[in-house]
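Chains as they are written, first to last, in our numbering: chain S, 192 to 614; chain Z, 633 to 1193.
Structure first, commentary second.
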Amino acid sequence: MAPLDFELATAWADMSTYITKTTPANSPTFASRCFGYIGLTMYESVVNGFPEYASVAPELNGLGNLPVPEKDLRYNWQLALNAGQAEIIRNIYIQTSDKNKAKIDSLENDFVERISGTVKDKAVADRSIAYGKKIAQLIFEWSKTDGGHRGYLNNFDKNLVFAEKAGCWRPPLYAQSFSHFPLHPHWGKNRTFVVADSLIDPPEFIAFDTLPGSEYYKQFIQVYEKEKVLTQGEKEAAIWWSDDPDVTFTPPGHSYYFGTIAIRKIRPDLPKCAETYARIGMAVADAFRNCWKWKYQFFTERANTYVPQHIDQRWESFWPDPPFPAFPSGHAIQAAAAATVLTDLYGDHFSFIDSAHVGRAKDEIRNTEFKARRFDSFWQAAEETAMSRFYGGIHTQQDNARGLEKGRIVGNNVNQLHWKTKS
Amino acid sequence: MRLPEISLLCLTIFYNCKGFCQTRFKDVTKEAGINHVFKVYEGMFGGGACVIDYNNDGFEDLYITGGMNDDVLYKNNGNGTFTNVYEQSGMTITKEYVTQGVTGADVNRDGFVDLFVTTITRRNRKEVIPREINLLFLNNGNGSFRNATIEYGLGDMYSFSTGASFGDFNADGWPDLYVGNYFNEYKGKLSVINDNTVVEANQIAKGYLLLNEKGKKFRDVYADYGLDFRGFGFGGVFTDFDNDGDQDLYVSHDFGYKRTPNKLLENRFPKKKFVDISKESGMDARINAMGSAVGDYNNDGLMDYFLTNIKFNYFMVNQGPGKPFVNKAAGLGLGFFAISWGANFADFDHDGDVDLFVANGDLNPNCVAMADFYFENTGGKFQDKARAYGLADYGIGRGSVTFDYDNDGDLDLLVVNQAPQMDYPVESFTRLYRNDSASGNWIKVALKGVEAESHGIGSKVEVEVAGKKMIREIDGGGSSHISQNSVIAHFGLGTAAKIDKITVYWTGGNKQTVTGVSSNQFITLAETPLEKKQGVPYSIIAMGLVVVAFAWFYLKKRRIR
């Protein structure tokens, strides 16, 4: 029996987050980019089957028109989606294990079997599969020139010369990664999906200062003071949103998973399912690209550098530092971008339960459990995502506020694409 | 006119300083002919030093790894100077590798110490996956070494190895090895790798537990002995933490708070088994463990462990059998901020307790200068006196070793430093410090194992003076940071002219004592093997049984006839 549309779409989203989580050397940057292409492929592989929806390919940064289905011939759009997802994931995660590749094949074959049973004409099935695959291949070809292709091979540029200025980023002493070099320093030069996203003005930054009472100092004293009074709930938020690339699907994966939550609750038709993932994917990808551009433009320190130097030498953040500069927060910008598109699609008031990390073993060092979280809107979740980095002691309030602000703009630019035909 | 006053003041300070600043440790690097700096590969790790008397002339020599620079073998000339004899050593193949740590033991029991050098990748070409074999050099006994890596079964262990430790965990007298790996071993050809192989290679790794098969070969028995953990390994030390006579293993892991913490593995000899007791012993430090120093700081007969870390070091004090260790770093005066690597316990001032040296250095290419520590043990508490004693070097410190290079009875110090990759406020190079601080009496005890390892690696020496007992464990390497101290046990004796008793606890359970030994001398204690139990050997009993059986059979046959 053929799957319901939402089951098919979410099964592939689950596969995307699973592959992200279980492929070594992953990073939030590379993962965000993958979600962009995987989501876009899902949408473009089905969009021509639904007259009220329009391809966004011509509006994207250099992609151009994708092939349209042959006129007057029938297609099965579930088969097209299925083939396209398998093809793009296999290509963009070419570095994943053989075991994972077998999982992708197996999911693809299961659906082919189930869907083909309902398609009487084999030519329709073959044509649909070929179409989906073709769309995936063209999008993958386009992806190769964006600057992030096979980015996992160059996570750290060991010839990078660091900026030397007051308040600049230093390799963390309480670190998430063994690297003394910062992650993907050139990621900000990558092509954005949406042209408008590459034109956003940089965020405002409070100038470095060591004077107690200065605005800059205040940013860090807040982080420092907060760490001393963290409630158990705040600790739970801090570890929940950490979305460590070594063991989870990364922060953009968390946002992609919110699409799955929305779709499982609303059960929309196939094009809306695909549109959901396309919007989230491109929003988090462009958010990360811009974030990284600004991170390396400002190249700012984290509290673990500033606080021991100017406030308290013995201080250490609740959560270890990731290996890249602080400003603005990557968590915040991508969460805001995703929340902006999800709110546009599913409304301001959308209550849901986030169980992304339920079942994970307790964090023994911090004596904190992974507990499901309930939200009344996507924005509430985005704000907690941002705030959780402040609780973790790795972001200041300005990192978060500017991140949320810019993420909203990125999300709006994605929303502004012409997803629907003019009626 | 205020000028003369100021000059006078300066002069006074200068004079006072001249009298007062007679440093206890003198930097003799240049005059001793030491000219070494470790060059780091892509911001990674290293290096280490191994104290070795490779030519058995009674003066301890040094092997120091160079990373991207050439290694050195410094022959001790016996007159306070060293000559680099590396080019003639038979070990120049190390030029092809990025070397990391080094450790020595008499692998084939021919009386000459052999060397094991860990490496992380090739030096002469850039590899997509950094990994390489480690190198075993057998001492020819004529001042040179030969590469025995392949012959000993180590020719296909392509790893990213940091530190190695010799120990005799099956107590058969043949020194075995533990090798710490930071990234995964990858055995395949680098010409056929794909993206998957590259990303898989960069993950936490298993170590190697290499059993020495009667001096002929090493065999990896990691799984056979019950080890299955992976971590960002910085090697480990073989040490008898529970005084049960066998060698346990303490493994250091980087990023223990995120991945695998440090591991304390209890040897269940004579079973072929290590049991992970990290958690219940409290030794599962979740830190960036760079190395450890082993010593009994309070002379209670129990080995304590100083663990180097980023920011704050741990001092795990042994509470006795069955009780978890307690980190007493802050309470005992060791709670200073630094990035620490090497560490050495030694009674530098001969007052009857061990002091502690700690080598500090930033994470290249980050280049914030930080001074080394010298913690003087003052009645069970420590005080940092590095600046006053001339040891507050701001070079980028890594491995450090103690040995008596001038054979004057006190322990000197060598600290391996890295070359900075960016602008650096001071010079950073490997330094040798001569100890001029010791005024009390001393004794040095070398071991000669017969059933135990030939230099007594892993055995313990206990000295009893006026009711006070002091104990040393013979260092098999992997200590400090990927280094190895002198294998000669050294004790400061204060004013005591005579030692009441020296007890050697040989690995394998043999124990022997000597009494009434004069201080201020270097003695060698040879192992007296346990006397074999009197009685008829099993083989003779078996032969006898066969004879009886035949006779009975023969007689029976005859009777039937």
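All residues carry an ideal CB built from backbone N, CA and C; glycine is no exception.
Checklist line | Spatial distance of Gly-323 of chain S from Ala-573 of chain S (CA atoms) | finding: 33 Å
Checklist line | Interface flag, Arg-918 of chain Z vs chain S, CB-CB below 8 Å | finding: yes
Check: In chain S, what lies closer than 9 Å to Asp-886 of chain Z by C-beta?
Finding: Phe-369
Check: Between Z:Gly-698, Z:Asn-774, Z:Ile-1075, which lies nearest to Asp-1229 of chain Z when the distance is taken from Cα to Cα?
Finding: This structure does not reach residue 1229 of chain Z, given that chain Z is present from 633 up to 1193, and the question cannot be answered.
Next item on the list: Measure the C-alpha to C-alpha separation of Phe-1061 of chain Z and Pro-807 of chain Z and round it to an integer number of angstroms.
Entry: 32 Å
Note to self: Along the chain, where does the alpha helix (DSSP H) containing Leu-843 of chain Z start, and where does it finish?
What the structure shows: Taken as a continuous stretch (DSSP letters only), Leu-843 of chain Z belongs to no alpha helix (DSSP H), being part of the beta strand (DSSP E) at 840-845.
Notebook entry, point to check: Is there at least one Cβ from chain S nearer than 8 Å to Leu-841 of chain Z's Cβ?
Noted result: no
Next item on the list: Find the residues of chain Z that neighbour Lys-608 of chain S, judging by a C-beta separation of less than 8 Å, and give them in chain order.
Entry: Before going on, a small fix: residue 608 of chain S reads as Leu here, not Lys. Simply none; closest approach about 32 Å.
Check: Comparing the C-beta of Lys-553 of chain S with each C-beta of chain Z, is any distance below 8 Å?
Finding: no
Notebook entry, point to check: Of all the options Z:Asp-928, Z:Ser-1112, Z:Asp-1036, which has the alpha carbon lying nearest to the alpha carbon of Asn-1246 of chain Z?
Noted result: Here chain Z comprises residues numbered 633 to 1193, so residue 1246 of chain Z is not present and cannot be evaluated.
Note to self: Please report whether the beta-carbon of Tyr-343 of chain S lies at a distance below 8 Å from any beta-carbon of chain Z.
What the structure shows: yes
Margin query: Can you tell me whether Lys-1076 of chain Z is helix, strand or coil according to DSSP?
Written below: strand
Next item on the list: Report the rounded CA-to-CA distance for Gly-1031 of chain Z versus Thr-794 of chain Z, giving the unit in angstroms.
Entry: 12 Å
Checklist line | Exposure label - Ser-542 of chain S; buried when at least 16 CB within 10 Å | finding: exposed
Check: To which residues of the same chain is Pro-519 of chain S closer than 7 Å at the C-beta, ignoring the five residues directly before and after it?
Finding: Pro-394, Cys-482, Trp-485, Asp-590, Arg-593, Gly-594, Lys-597
Margin query: Can you check whether the C-beta of Asn-945 of chain Z is within less than 8 Å of a C-beta belonging to chain S?
Written below: no
Notebook entry, point to check: Would a check of beta-carbon distances place Ile-326 of chain S closer than 8 Å to chain Z?
Noted result: no
Checklist line | Closest by C-alpha distance to Ala-523 of chain S, when choosing among S:Ala-474, S:Thr-559, S:Ala-547 | finding: S:Ala-474
Item checked: Interface partners of Arg-361 of chain S on chain Z, CB under 7 Å -> Asn-998
Next item on the list: Taking all protein chains shown into account, decide if Glu-261 of chain S is buried (16 or more other Cβ within 10 angstroms of its Cβ) or exposed.
Entry: exposed
Checklist line | Beta-carbon spacing of Tyr-1026 of chain Z, Thr-655 of chain Z below 8 Å | finding: no
Next item on the list: Please look up how many angstroms separate the CB atoms of Val-869 of chain Z and Val-926 of chain Z, rounded, as I've assumed it's under 8 Å.
Entry: 6 Å
Check: Thinking just about the alpha-carbon of each residue, which of S:Asn-282, S:Ser-546, S:His-377, S:Tyr-497 is nearest to the one in Ala-357 of chain S?
Finding: S:Tyr-497
Next item on the list: Just mark His-1087 of chain Z as buried or exposed, buried being the case when its beta carbon has 16 or more other beta carbons within 10 Å.
Entry: buried
Check: In the structure shown, what three-state DSSP assignment does Ser-1060 of chain Z receive?
Finding: coil
Notebook entry, point to check: Any idea what DSSP makes of Tyr-729 of chain Z, helix, strand or coil?
Noted result: strand
Notebook entry, point to check: Is Asp-874 of chain Z near the ligand NAD, with its Cβ less than 7 Å from a heavy atom?
Noted result: Summarising the ligand content, the structure contains no ligands, and the ligand NAD is consequently not present.
Checklist line | Cys-359 of chain S, DSSP secondary structure in three states | finding: strand
Checklist line | Assigned secondary structure, Asn-604 of chain S (DSSP; H/G/I helix, E/B strand, else coil) | finding: helix
Checklist line | Cβ-based contacts, 7 Å cut-off: residues of the stretch 658-677 of chain Z near chain S | finding: Glu-674, Gly-675
Item checked: chain S contacts made by the stretch 754-780 of chain Z, where a contact means CB separation under 9 Å -> Val-760
Note to self: Starting from Gly-795 of chain Z, trace the alpha helix (DSSP H) in both directions and tell me its first and last residue.
What the structure shows: Gly-795 of chain Z -> not in any alpha helix (DSSP H); beta strand (DSSP E) instead, spanning 792-799.
Note to self: Quick check on the burial criterion: 16 or more other C-beta atoms within 10 angstroms. Buried or exposed for Lys-662 of chain Z?
What the structure shows: exposed
Notebook entry, point to check: Thr-214 of chain S CB to nearest chain Z CB: under 8 Å?
Noted result: yes
Margin query: Within a Cβ cutoff of 7 Å, which residues of the same chain sit near Asn-834 of chain Z, ignoring the five residues on either side of it in sequence?
Written below: Phe-815
Note to self: Per DSSP, what are the beta-bridge partners of Ser-1032 of chain Z in this structure?
What the structure shows: Z:Val-1047
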